[in-house]
Amino acid sequence: MINMIIAVVNQKGGVGKTTTAVNLSAYLAALGKFVLLVDLDPQANATSGFGIENYEKSTYEALMNKADIKDIVLDSFIPTHKIMPSSPDLAGATVELVNEDNREFVLSNVLLELKNSFDYIIIDCPPSLDLLTLNGLVAADQVLIPVQAEYYALEGLGSLLNTINLVQENLKPELGILGSVITMYDKRNSLSREVMNEMYKNFPFKIFRSVIPRNVRLTEAPSYGQAILQYDPRSKGARAYERLAKEVLDHINI
Numbered sequence: 001m002i003n004m005i006i007a008v009v010n011q012k013g014g015v016g017k018t019t020t021a022v023n024l025s026a027y028l029a030a031l032g033k034f035v036l037l038v039d040l041d042p043q044a045n046a047t048s049g050f051g052i053e054n055y056e057k058s059t060y061e062a063l064m065n066k067a068d069i070k071d072i073v074l075d076s077f078i079p080t081h082k083i084m085p086s087s088p089d090l091a092g093a094t095v096e097l098v099n100e101d102n103r104e105f106v107l108s109n110v111l112l113e114l115k116n117s118f119d120y121i122i123i124d125c126p127p128s129l130d131l132l133t134l135n136g137l138v139a140a141d142q143v144l145i146p147v148q149a150e151y152y153a154l155e156g157l158g159s160l161l162n163t164i165n166l167v168q169e170n171l172k173p174e175l176g177i178l179g180s181v182i183t184m185y186d187k188r189n190s191l192s193r194e195v196m197n198e199m200y201k202n203f204p205f206k207i208f209r210s211v212i213p214r215n216v217r218l219t220e221a222p223s224y225g226q227a228i229l230q231y232d233p234r235s236k237g238a239r240a241y242e243r244l245a246k247e248v249l250d251h252i253n254i
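Residues 1 to 254 (this note's numbering) are what the sequence shown spells out, left to right.
Structure follows, in structure tokens:
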């Protein structure tokens, strides 16, 4: 087993962060890996994206040490894929943890118990640089950054890289950047091409060659509580995430 934890992070909302966490985790599992998806976002979109509802315990109980971790992890539609669901209660965790010692390490300690059971743990972080996201970064071995193919998406990239650098300097020196994946790409749009060119010129880390297109089927799938692998495995979006999963595996195994 590889036992790698990957945080999917971008503080800007609407860039395909949760879509990437959901579908990358599903395709890694479909490729034979044991995968846990941790929903660390109080909006719980990754949880509902797998059609999971009416559950009693969530990541909140895990962080607050209010339940056994194994009672929180749920099955998904792939036997080798599990999910730790989120709930709106998680929004309160930032306040509740603020006076705790080593508050940035709470999730890392929680996942220690699970890490050896999975090849990959994917963390869907909130769209902000708050204490929850810091917990995701400190728990992770590598960071994957989805970047929307639009001009404003590049503006927040500097502050995100600065935050990652601060985490490396002060909390987790071994945290690495796996790379960036370009999302919502429209090859007919010159701005999309310009943003991609700017990324290749200025982003100092790997940019995955698997580009995620703007795709209606990808946006429809969560409303049916399904990953794109279930909803429409022949769609352009599905093929793109399958390529990304294979490329991630190839990159990690170099």
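Even for Gly, the Cβ is constructed at its ideal location relative to N, Cα and C.
Note that this is a predicted model, so its numbers are computed, not measured.
Query raised in the report: Run through DSSP, which three-state label would Asp-124 get?
Result: strand
Query - Length at least 3, wholly inside the region 61–104: the beta strand (DSSP E) runs in chain order - result: 81–84
Query raised in the report: Taking the beta strand (DSSP E) that Glu-230 falls in, what are its first and last residues?
Result: The displayed chain sequence assigns Gln, not Glu, to residue 230. Taken as a continuous stretch (DSSP letters only), Gln-230 belongs to no beta strand (DSSP E), being part of the alpha helix (DSSP H) at 228–231.
Query raised in the report: Between Gly-14, Asp-39, Phe-208 and Glu-174, which lies nearest to Tyr-60 when the distance is taken from Cα to Cα?
Result: Asp-39
Query - Extent of the continuous alpha helix (DSSP H) run through Asp-41 - result: Here Asp-41 belongs to no alpha helix (DSSP H), and DSSP marks it neither H nor E.
Query raised in the report: Exposed or buried, Asn-116, counting other C-beta atoms within 10 Å across all chains shown (16 or more means buried)?
Result: Residue burial is scored here from C-beta neighbours: Asn-116 has fewer than 16 other C-beta atoms within 10 angstroms and is therefore classed as exposed.
Query raised in the report: Which word fits Phe-205, buried or exposed, when buried means at least 16 other C-beta atoms lie within 10 angstroms of its C-beta?
Result: exposed
Report task. With a cut-off of 8 Å on the beta carbons, I'd call Glu-104 and Leu-129 a contact; round off their distance for me. Result -> In fact, because the Cβ distance is near 12 Å, the residues do not count as touching under 8 Å.
Query raised in the report: Would a C-beta distance cut-off of 7 Å place Ala-227 and Val-35 closer than the cut-off?
Result: no
Requested in this report: Would you mind giving the Cβ-Cβ distance between Met-184 and Ala-149, rounded to the nearest angstrom? I have them listed as a contact below 8 Å.
Outcome: Rounded, the Cβ-Cβ distance is 6 Å, consistent with contact.
Requested in this report: In angstroms with no decimal places, state the Cα-to-Cα distance between Gly-225 and Asn-99.
Outcome: When rounded, the distance between both Cα atoms is 36 Å.
Query raised in the report: Can Val-248 and Pro-146 be called in contact, C-beta distance under 7 Å?
Result: No, the pair does not count as a contact, with Cβ atoms beyond the cut-off.
Report task. List in chain order: all unbroken beta strand (DSSP E) runs of 3+ residues lying wholly within the region 117–161. Result -> 120–124 and 142–148
Query raised in the report: How big is the Cα-Cα spacing for Gly-32 and Thr-80?
Result: Going by C-alpha positions, Gly-32 is about 7 Å away from Thr-80.
Requested in this report: Please state whether DSSP places Val-195 in a helix, a strand or coil.
Outcome: helix
Requested in this report: For Leu-166, count neighbouring C-beta atoms within 10 Å of its own C-beta (all shown protein chains included) and say buried if the count is 16 or more, exposed if not.
Outcome: exposed
Query raised in the report: Is the region 81–101 touching the region 46–62, taking contact as three or more C-beta pairs under 8 Å?
Result: yes
Requested in this report: Would you give the residue range spanned by the alpha helix (DSSP H) that Ile-252 belongs to?
Outcome: Taken as a continuous stretch (DSSP letters only), the alpha helix (DSSP H) holding Ile-252 covers 236–252.
Query raised in the report: Are the beta-carbon atoms of Ile-122 and Val-143 separated by less than 7 Å?
Result: Not in contact: Ile-122 and Val-143 (Cβ atoms no closer than 7 Å).
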